[in-house]
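In order, the protein sequences belong to chains P and U. In terms of the working numbering, the first sequence has 92 at position 66, counting the first letter as 1, and numbering is strictly consecutive. In terms of the working numbering, the second sequence has 219 at position 216, counting the first letter as 1, and numbering is strictly consecutive. A virtual CB, placed ideally from N, CA and C, is assigned to each residue, including glycine. Right, one structure below, let's go through it.
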Amino acid sequence: MSRNAGSDVKAAYLFIAPAVIGFLVFVGYPLIRSFYLALTKYNGLTDPVFVGLGNFRRLFSTDPAFWPALRATGYLVLLYVPLSLVIGLALAMFCNQRFAGVRVVRTLAYLPVVLPAVATITLWKFILDPQVGLLNTILDRLGLPTSLWLQSPKMAMPSVVMVMLWGVGGTMIIFLAALQAVPTELYEAARVDGAGPWATFFRITLPMISPIMLLQVILQTTAALQTFNQPKILTNGGPGFSTNVLMLSIYNNGFPSLGRIPQLGYASAQVWVLFIIIIAVIALTAKFSSLWTYSDNTPD
Amino acid sequence: MTTLPTDTVREASTATALTAGTEPTTPPAKKKPRLVGTTSWYVVALFICAVMVVPLLWMITIGLKSRTAVFDIPPKLLPHEFTWSNFVKGPQVIHFPRLLLNSTIITALSVIGGVMTAMMAGYALARLRFPGRKVWFYLFVGSMLLPGVVGLIPLFQLYKSIGWYDTWLPLIVPAFLGGNPLFIFLARQYFLAIPYSIDEAAKIDGAGHLRIFVSVMLPLTRPAWITMAILAFQASWNDFLNPLVYLYSSGKWPLSVGMASFVSPFAGKTPDWSYYMATNLLYMLPPLIVFFAAQRYFIQGLGSLGSTTQK
Numbered sequence: 027m028s029r030n031a032g033s034d035v036k037a038a039y040l041f042i043a044p045a046v047i048g049f050l051v052f053v054g055y056p057l058i059r060s061f062y063l064a065l066t067k068y069n070g071l072t073d074p075v076f077v078g079l080g081n082f083r084r085l086f087s088t089d090p091a092f093w094p095a096l097r098a099t100g101y102l103v104l105l106y107v108p109l110s111l112v113i114g115l116a117l118a119m120f121c122n123q124r125f126a127g128v129r130v131v132r133t134l135a136y137l138p139v140v141l142p143a144v145a146t147i148t149l150w151k152f153i154l155d156p157q158v159g160l161l162n163t164i165l166d167r168l169g170l171p172t173s174l175w176l177q178s179p180k181m182a183m184p185s186v187v188m189v190m191l192w193g194v195g196g197t198m199i200i201f202l203a204a205l206q207a208v209p210t211e212l213y214e215a216a217r218v219d220g221a222g223p224w225a226t227f228f229r230i231t232l233p234m235i236s237p238i239m240l241l242q243v244i245l246q247t248t249a250a251l252q253t254f255n256q257p258k259i260l261t262n263g264g265p266g267f268s269t270n271v272l273m274l275s276i277y278n279n280g281f282p283s284l285g286r287i288p289q290l291g292y293a294s295a296q297v298w299v300l301f302i303i304i305i306a307v308i309a310l311t312a313k314f315s316s317l318w319t320y321s322d323n324t325p326d
Numbered sequence: 004m005t006t007l008p009t010d011t012v013r014e015a016s017t018a019t020a021l022t023a024g025t026e027p028t029t030p031p032a033k034k035k036p037r038l039v040g041t042t043s044w045y046v047v048a049l050f051i052c053a054v055m056v057v058p059l060l061w062m063i064t065i066g067l068k069s070r071t072a073v074f075d076i077p078p079k080l081l082p083h084e085f086t087w088s089n090f091v092k093g094p095q096v097i098h099f100p101r102l103l104l105n106s107t108i109i110t111a112l113s114v115i116g117g118v119m120t121a122m123m124a125g126y127a128l129a130r131l132r133f134p135g136r137k138v139w140f141y142l143f144v145g146s147m148l149l150p151g152v153v154g155l156i157p158l159f160q161l162y163k164s165i166g167w168y169d170t171w172l173p174l175i176v177p178a179f180l181g182g183n184p185l186f187i188f189l190a191r192q193y194f195l196a197i198p199y200s201i202d203e204a205a206k207i208d209g210a211g212h213l214r215i216f217v218s219v220m221l222p223l224t225r226p227a228w229i230t231m232a233i234l235a236f237q238a239s240w241n242d243f244l245n246p247l248v249y250l251y252s253s254g255k256w257p258l259s260v261g262m263a264s265f266v267s268p269f270a271g272k273t274p275d276w277s278y279y280m281a282t283n284l285l286y287m288l289p290p291l292i293v294f295f296a297a298q299r300y301f302i303q304g305l306g307s308l309g310s311t312t313q314k
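Structure (structure tokens):
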């Protein structure tokens with residue numbers, strides 16, 4: 027298409043060079059290096075010592091903290107992802123209606139997403155304070171039962187998830203874009219055929235947004251598997267190991283508080299366990315997506 | 004990867020649909036503006052707004068309370084007297100001006116770097132023919148799915164060995180090297196939607212690629228890079244894990260780490276919540292201002308992520 031293809035190629039390499047260098051240094055190198063480190067014992071000061079699968083053996087058989095970390099991560103994902111999707115979609119449908127002031131609701135629902143994580147999480151830490159926090163104060167005045175929230179081993183993880191769900195506006199906004207892309211004629215046809223709201227939702231809305239639902243399931247699950255800020259700031263893994271998710275365990279092994287030896291090889295092995303879980307989730311979700319996502323038959 | 008089709012025409016059209024979508028343009032639920040329906044809609048709307056706003060309002064009231072009034076039992080929702088001095092003394096605890104300056108420099112540089120390299124790469128991937136074009140595109144898109152934590156330990160060691168530990172370089176340099184593949188993807192999609200006749204015309208006028216990129220493409224792609232700049236600003240201003248890992252000296256911290264240090268329990272010392280909340284408001288202000296000033300770009304940026312994947 028271009029007459030001077032040679033200059034195109036030269037220019038292209040110049041334009042893309044920074045991103046390519048970045049890819050090699052910040053994606054390619056760490057990927058290989060971290061795989062190698064996962065097979066070593068490494069404290070960051072002396073050279074790594076190759077131990078084969080020793081780290082993984084230790085993880086799965088002797089480390090008392092690993093299974094709880096895996097369980098906590100799984101609990102968080104199973105609690106957060108479905109709630110985030112359901113509430114996010116409900117909120118998007120609610121905000122996709124014609125009422126005066128709907129933009130205000132949409133804006134406010136999205137507001138928590140733009141605020142710094144540290145700021146909102148710390149705010150929630152105080153809201154959830156059992157004695158002087160806002161939530162218990164309100165519940166108490168309404169005559170409802172209060173809770174220890176983050177300080178109770180049972181309620182700690184649900185509380186962490188509740189804080190995460192305050193940012194559900196991020197899920198909402200993507201669903202909103204998907205809803206707005208659904209052709210209006212489909213809804214009109216459904217109305218003419220006498221379909222009720224539930225039939226319309228299950229037969230039109232849900233199939234039409236199913237590709238976005240797939241994307242959301244993948245994005246939300248991979249993000250939830252890597253949750254760090256909330257448990258780090260809210261509970262630092264406690265009480266006990268109840269909120270000690272994998273990311274926190276990786277951080278604490280790799281970058282321990284002063285006076286303890288960093289276990290970078292061991293932490294890398296944990297990173298790879300997490301990485302493999304993420305790949306598995308993406309692969310499985312994509313593999314079974316044809317069962318529940320709708321695709322039209324128009325040829326591309 | 005199958006979920007990321009590269010259908011440009013559709014992408015461009017959905018992007019425009021989105022911009023228009025900031026106004027209430029909605030098909031389904033307009034059938035019966037009955038009083039009950041309307042009332043219940045507003046009741047739910049009020050509830051949603053309350054959940055989002057009340058915590059922030061409460062934060063401000065705590066910021067105005069005296070340090071001891073915070074711990075009154077039973078807690079009072081509103082302060083008795085307004086302790087404005089919290090807004091001065093609170094920031095002093097963490098050397099707020101210093102951290103603000105740090106955050107500003109780090110954020111500004113990562114925004115510039117991130118937007119610039121993504122635009123350049125997007126231009127090459129969308130509008131120039133060269134061997135490996137497809138491969139690099141898929142590598143960049145694929146790297147979006149790579150969890151950031153994979154890089155944490157090797158890069159930490161790398162930075163340490165080249166003397167970058169405890170400097171701002173690990174927070175800035177990656178941005179200049181295409182650190183956010185999502186931006187490259189967005190830039191490419193946007194560039195694809197621009198008619199090629201424009202470059203041809205510019206080429207006939209004797210413009211080189213740099214010239215076309217700077218004087219023709221950048222003005223045409225304004226919405227794309229504004230969106231990216233906002234997302235980059237947000238990501239950098241809010242980033243906590245990276246500065247936490249790469250910066251040791253408190254004098255170099257950005258606000259995120261400084262704010263977190265505020266309330267981390269030092270030897271059983273109770274955090275000064277009223278100081279914290281007053282400072283927290285100041286920390287939130289820049290993103291708040293950017294959000295309200297450039298709202299439609301926020302919605303557009305994230306929405307386009309949704310709509311580009313729409314089949």
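Whole angstroms is fine: what's the gap from residue 256 of chain U's alpha carbon to residue 245 of chain U's?
-> Each residue's alpha carbon lies about 11 Å from the other.
Counted within 10 angstroms of its Cβ, other Cβ atoms place residue 32 of chain P as buried (16 or more) or exposed | So residue 32 of chain P ends up on the exposed side.
Under 9 Å, do residue 202 of chain P and residue 255 of chain P count as touching if we go by C-beta distance?
-> Not closer than 9 Å, so no.
Which residues share a DSSP beta bridge with residue 66 of chain P?
-> Per DSSP, P:76.
In terms of alpha-carbon separation, which member of P:284, P:313, P:279 lies closest to residue 95 of chain P?
-> Of the candidates P:284, P:313, P:279, the one whose C-alpha sits nearest the C-alpha of residue 95 of chain P is P:279.
Where does residue 170 of chain P land, buried or exposed, given buried means 16+ other C-beta within 10 angstroms?
-> The residue in question, residue 170 of chain P, is exposed, as its Cβ has fewer than 16 Cβ neighbours within 10 Å.
Which residues in the same chain as residue 162 of chain U place their Cβ atom closer than 7 Å to its Cβ, once the five residues preceding and following it in sequence are excluded?
-> Around residue 162 of chain U, the same chain offers 168, 173, 249 as residues with beta carbons nearer than 7 Å, after the five sequence neighbours per side are excluded.
Could you tell me which of P:238, P:306, P:304 sits nearest to residue 114 of chain P, measuring between CA atoms?
-> Distance check between residue 114 of chain P and each of P:238, P:306, P:304 places P:238 closest, using alpha-carbon atoms only.
Out of P:287, P:45, P:225, P:207, point me to the one whose CA is closest to residue 118 of chain P's CA.
-> Scanning P:287, P:45, P:225, P:207 for the CA closest to the CA of residue 118 of chain P turns up P:207.
Chain P partners of residue 315 of chain U, CB-CB under 8 Å?
-> The question about residue 315 of chain U has no answer here: the residues shown for chain U are numbered 4 through 314.
From the DSSP output, in three-state form, read off residue 124 of chain P for me.
-> Note: residue 124 of chain P maps to coil in three-state DSSP.
Pull out every residue of the region 245 to 266 of chain U whose Cβ sits closer than 7 Å to any Cβ of chain P, in chain order.
-> Here the close residues are 248, 259, 262, 263, 266.
How is residue 203 of chain U classed by DSSP in three states: helix, strand or coil?
-> Residue 203 of chain U sits in a helix when the DSSP states are folded into three classes.
Indicate the three-state DSSP secondary structure (helix, strand or coil) for residue 251 of chain U in the structure shown.
-> Shown here, residue 251 of chain U sits in coil according to DSSP, grouped into three states, outside any helix or strand.
Inter-residue CB distance, residue 77 of chain P and residue 65 of chain P (contact presumed, cutoff 8 Å) = Residue 77 of chain P to residue 65 of chain P, Cβ: 7 Å. Contact.
Terminal residues of the continuous alpha helix (DSSP H) containing residue 217 of chain U?
-> Taken as a continuous stretch (DSSP letters only), residue 217 of chain U belongs to no alpha helix (DSSP H), as it is neither H nor E.
Thinking C-alpha only, which one of P:320, P:71, P:304 is nearest residue 228 of chain P?
-> Selected option, being the one with the closest Cα: P:320.
Of the choices U:85, U:278, U:288, U:160, whose alpha-carbon is the least far from that of residue 93 of chain U?
-> Of the listed residues, the one whose Cα sits closest to residue 93 of chain U is U:278.
Can you tell me whether DSSP reads residue 313 of chain P as helix, strand or coil?
-> Three-state result, residue 313 of chain P: helix.
Counting only beta-carbon atoms, is residue 172 of chain P nearer than 9 Å to chain U?
-> No, no contact with chain U.
Would residue 102 of chain P pass as a contact of residue 271 of chain P if the rule is Cβ separation under 9 Å?
-> Yes, the Cβ-Cβ distance between residue 102 of chain P and residue 271 of chain P is below 9 Å.
Compare the C-beta of residue 278 of chain P with all C-beta atoms of chain C and state if any pair is closer than 9 Å.
-> Absence of chain C from the displayed structure is noted, the protein chains being P and U.
Cα-Cα separation between residue 294 of chain U and residue 111 of chain U, rounded to whole angstroms | Roughly 16 Å between the two C-alpha positions.
Partner residues on chain P for residue 179 of chain U, Cβ-Cβ distance less than 9 Å | Under the 9 Å cutoff, chain P gives 44, 48.
Does the region 178 to 190 of chain U come close enough to the region 114 to 131 of chain U that 3 or more CB-CB pairs lie under 8 Å?
-> At 8 Å Cβ cutoff, the stretches touch.
Taking residue 147 of chain U as part of the alpha helix (DSSP H), name the residues at either end of that continuous run.
-> Careful: residue 147 of chain U lies outside any alpha helix (DSSP H) and carries neither H nor E.
With respect to the alpha helix (DSSP H) encompassing residue 64 of chain U, which residues constitute its N-terminal and C-terminal limits?
-> Looking at the DSSP string, the run of the alpha helix (DSSP H) that includes residue 64 of chain U is 38 to 67.
Note down, in chain order, each residue of its chain lying with its Cβ closer than 6 Å to the Cβ of residue 69 of chain U, except the 5 sequence neighbours on either side.
-> Apart from sequence neighbours up to five positions away, the residues of its chain that approach residue 69 of chain U with a beta-carbon distance below 6 Å are 86, ordered along the chain.
Hey, out of P:252, P:259, P:297, P:160, whose CA is closest to residue 58 of chain P's CA?
-> It is P:297.
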